[in-house]
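Undergrad: If you count by my numbering, then the sequence shown holds residues 69 to 523, one letter each, in order.
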Amino acid sequence: MSIPSAVKSTPIESRQQLVDYLAAGEKPREAWRIGTEHEKFGFRMDDLRPPAFEGERGIRALLEGLAAKYGWDVAREGETPVALSRNKANITLEPAGQLELSGAPLETIHQTCCEVNAHLEEVRSVADGLGLGFLGMGFQPKWRRDEMPWMPKGRYRIMREYMPKVGQLGLDMMTRTCTVQVNLDFESEADMVKKFRASLALQPVATALFADSPFTEGRPNGFLSYRSHVWTDTDPHRTGMLDFVFEEGFGYERYVDYILGVPMYFSYQDGRYIDLAGQNFRRFLDGRLDAVPGTRATMKDWADHLTTAFPEVRLKQYLEMRGADGGPWNRLCALPALWVGLLYDDEALDAAWDLVRDFTMEERHALRDGVPRQALKLPFRRGTVRDLAAETLKIAAHGLRHRDRRNRNGADESIFLEPLIEIVEANQTPAERKLELFHGAWGGSVDPVFREFAY
């Protein structure tokens, strides 16, 4: 959500303002919406390489083509186009040019799926003329880190320099991963807490169902969701399972304390990014940062800082579900369907919480740490994650049927869970299907993935 300009420059005088900012996200049930985001890898059709920003077939040409043909407004850093916006939807660039659609807040999964489909059609119509294609997976299957381009965004320059100081895989997270996520609303602090806890405990189930990153640099990497593994060695100060969410008394205030402890990346002032990587936000509140002497943080700085933590579920003025690999069109619709089914119906939310409420901290961590390699086949209690996923999908389907939002053909939103039900029934993740092809029909090459699984 964008911040009203009057709020942007508001100085932060008290911690309560930070708490109130999160609480301002509360919405009555009739105003709850669904915001779906997905990223995808661009590639040149002739040599499969990722397109650079500049050049006749570059990302800049793609953005300008989309703006000219479909009426998107262009956002720039200086003279450089870096994003597009239209009707509350945005197209943005990840660090290596992964193209992201941040969808408008919509009322139903039917609308979300139409939005995704229309976006992919628009991108294809422009990309075809540039000899570009797009692929949905969790991790770049072919190219090395040093073969990935960098987009000319100030924020990414700062992160690029800082990441190697705090983890081994942060640059891979930036340049070689893609995800699909959904942003969902809450009614009250208590509602936020319940949704946060249920979704955080079940996030590894989504990671398992959507696992689609088994290749690195043209070879199997030993993981089914390598994207998920990458986050475990990116930056320990801003990632993970947030055990404090399950502690007595968790709410907005405790989350504010967590975010205040996350090291800074930057402050955006007068149209430029100021490098504050590793600095303490609390000192910024007091105007005690040497890089910006006497400058005190504003509410815009707080809103920006909230986006620099990367836990499996993230709180802003809504909750973001962040556990899934990117994938094909039908799974871009399945991800919001899964979480809307679980979190937007009271009976389903109760059932989801009942499913996970007795998980120990050790069990939650074992799920988080185990699913990147084993996905549905990870042993859990007396069964496997597949059993947990099957039960989760039953609850989500019940929630969607109870919501009873139908399309013009009379079908409710539970139809969008079909790809996930098929994955559980076959006990085969998308990653395992690709590995089967790699060792069989593809003859030990990942190149066919760009042809067979492109949008």
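Beta carbons are placed, not taken as given, at the ideal position from N, Cα and C, and that holds for glycine.
1. How far does the alpha helix (DSSP H) with residue 352 in it extend, from its first residue to its last?
2. Can you tell me whether DSSP reads residue 69 as helix, strand or coil?
3. Within 10 angstroms of its Cβ, does residue 474 collect 16 or more other Cβ (buried), or is it exposed?
4. How many angstroms separate the CA atom of residue 282 from the CA atom of residue 505?
5. For residue 238, which three-state DSSP category applies?
6. In chain order, what are the residue ranges of uninterrupted alpha helix (DSSP H) at least 4 long that sit wholly in the segment 416 to 444?
7. If we count the other Cβ atoms within 10 Å of its Cβ and call it buried at 16 or more, is residue 358 buried or exposed?
8. Look up residue 296 in the DSSP assignment and say whether it is helix, strand or coil.
9. Per DSSP, what are the beta-bridge partners of residue 143 in this structure?
10. State the start and end residues of the unbroken beta strand (DSSP E) segment that holds residue 264.
11. Ignoring anything shorter than 4 residues, give me the alpha helix (DSSP H) runs that lie fully in the segment 148 to 190, in order along the chain.
12. Can you tell me where the alpha helix (DSSP H) holding residue 454 begins and where it ends?
13. Taking only three categories from DSSP, how would you classify residue 248?
14. In the DSSP assignment, the beta strand (DSSP E) including residue 499 goes from what residue to what residue?
15. In three-state DSSP terms, what is residue 80?
16. Return the Cβ separation of residue 498 and residue 280 in integer angstroms, given the expectation that the two are a contact with Cβ distance under 8 Å.
17. Hey, residue 157 and residue 172: beta-carbon distance below 8 Å or not?
18. Using the Cα positions of residue 419 and residue 355, report the straight-line distance between them to the nearest angstrom.
19. Quick check on residue 87: does DSSP put it in helix, strand or coil?
TA: The short version:
1. What you label residue 352 is simply residue 284 of the sequence shown in a count that begins at 1. Taken as a continuous stretch (DSSP letters only), the alpha helix (DSSP H) holding residue 352 covers 349 to 353.
2. On the sequence shown, residue 69 is found 1 positions in, with the first residue counted as 1. For residue 69, the pLDDT reaches just 45, beneath the cut-off of 50, and the residue's location in the model is therefore unreliable, leaving the point undetermined.
3. Counting from 1 along the sequence shown, the entry for residue 474 is found at position 406. Within a 10 Å sphere around the beta-carbon of residue 474 sit fewer than 16 other beta-carbons, which makes this residue exposed.
4. Counted from its first residue, the sequence shown places residue 282 at position 214. Counted from its first residue, the sequence shown places residue 505 at position 437. Approximately 12 Å, taken between the alpha carbons.
5. Locating residue 238 in the sequence shown gives position 170, counting from the first residue. Residue 238 falls in the helix class under three-state DSSP.
6. The qualifying runs are 429 to 442.
7. The sequence position of residue 358 within the sequence shown is 290, counting from 1. Residue 358 comes out exposed.
8. Here the question's residue 296 lines up with position 228 in the sequence shown. Looking at residue 296 - three-state DSSP - the assignment turns out to be helix.
9. Taking the first residue of the sequence shown as 1, we reach residue 143 at position 75. Checking the DSSP bridge columns, you'll see residue 143 partnered with 151.
10. By 1-based counting over the sequence shown, the position of residue 264 is 196. Annotation for residue 264: no beta strand (DSSP E) segment contains it, though the alpha helix (DSSP H) segment containing it runs 257 to 277.
11. Here no run is fully enclosed.
12. Along the sequence shown, one-based indexing puts residue 454 at 386. The continuous alpha helix (DSSP H) containing residue 454 extends over residues 453 to 471.
13. Sequence index remark: in the sequence shown, residue 248 carries index 180 (1-based). Per DSSP, reduced to three states, the secondary structure at residue 248 is strand.
14. Working through the sequence shown from its first residue, we reach residue 499 at position 431. In the DSSP assignment, residue 499 falls outside any beta strand (DSSP E) and within the unbroken alpha helix (DSSP H) covering 498 to 507.
15. Working through the sequence shown from its first residue, we reach residue 80 at position 12. Secondary structure at residue 80: coil, using DSSP grouped into helix, strand and coil.
16. The sequence position of residue 498 within the sequence shown is 430, counting from 1. The sequence position of residue 280 within the sequence shown is 212, counting from 1. Indeed, because the Cβ distance is near 4 Å, the residues count as touching under 8 Å.
17. Along the sequence shown, read from residue 1 onward, the residue named residue 157 stands at position 89. Along the sequence shown, read from residue 1 onward, the residue named residue 172 stands at position 104. Between residue 157 and residue 172, the gap from beta carbon to beta carbon is short of 8 Å.
18. The residue given as residue 419 occupies position 351 in the sequence shown. The residue given as residue 355 occupies position 287 in the sequence shown. Rounded to whole angstroms, residue 419 to residue 355 spans 47 Å at the Cα level.
19. Taking the first residue of the sequence shown as position 1, residue 87 is located at position 19. Three-state result, residue 87: helix.
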